[in-house]
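In what follows, a single structure is set out as structure tokens and then discussed.
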């Protein structure tokens with residue numbers, strides 16, 4: 029097993045060729061400040077930092093699946109390894125800096141077995157190209 033966490037976020041991150049370090053910065057700030065953990069009144073009002081949570085980041089190019097033509101998806105929007113690996117590593121490093129502790133990660137481009145026990149019902153899709 030490469031990484032595991034307890035309470036926190038499992039982040040599946042897809043990177044496309046249009047993504048930049050500015051997108052990484054925006055996403056890191058949004059992730060660490062998002063208030064989705066319950067406070068003492070059971071209201072989603074605490075950030076991951078406030079609850080001393082953990083983060084596991086998994087690269088997931090399949091988030092860019094295009095299924096408009098036919099029934100076999102294509103991933104033409106997914107970034108190349110040369111473009112994506114540095115941004116993935118930057119995302120993990122900046123999250124670690126903001127959290128004040130190491131962020132777990134998967135192995136970029138590997139066929140991984142990922143288990144999730146979702147203490148939800150919160151699943152959020154964030155797109156750095158849709159900031160407003």
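Residue numbers (the numbering used here): 29 to 160.
For each residue, glycine too, the CB sits at the ideal point set by N, CA and C.
Contact check, residue i vs residue j, beta carbons under 8 Å
i: residue 116; j: residue 136; result: yes
i: residue 132; j: residue 31; result: yes
i: residue 55; j: residue 119; result: yes
i: residue 140; j: residue 134; result: yes
Nearest neighbour of residue i, chosen from the options [CA to CA]
i: residue 44; options: 145, 108 and 132; result: 108
i: residue 49; options: 67, 111, 153 and 79; result: 111
i: residue 158; options: 35, 37 and 46; result: 46
i: residue 67; options: 79, 60, 127 and 59; result: 79
i: residue 155; options: 33, 91 and 134; result: 91
i: residue 53; options: 102, 69, 97 and 125; result: 125
CB-CB length for residue i against residue j, believed under 8 Å
i: residue 42; j: residue 106; result: 7 Å
i: residue 40; j: residue 113; result: Between residue 113 and residue 40 the Cβ distance is about 16 Å, and since that is not below 8 Å, they are no contact.
i: residue 83; j: residue 37; result: 5 Å
i: residue 123; j: residue 59; result: 7 Å
i: residue 81; j: residue 35; result: 5 Å
Coarse secondary structure for residue i, derived from DSSP in three states
i: residue 113; result: helix
i: residue 59; result: helix
i: residue 82; result: strand
i: residue 52; result: helix
i: residue 127; result: helix
i: residue 91; result: helix
i: residue 136; result: coil
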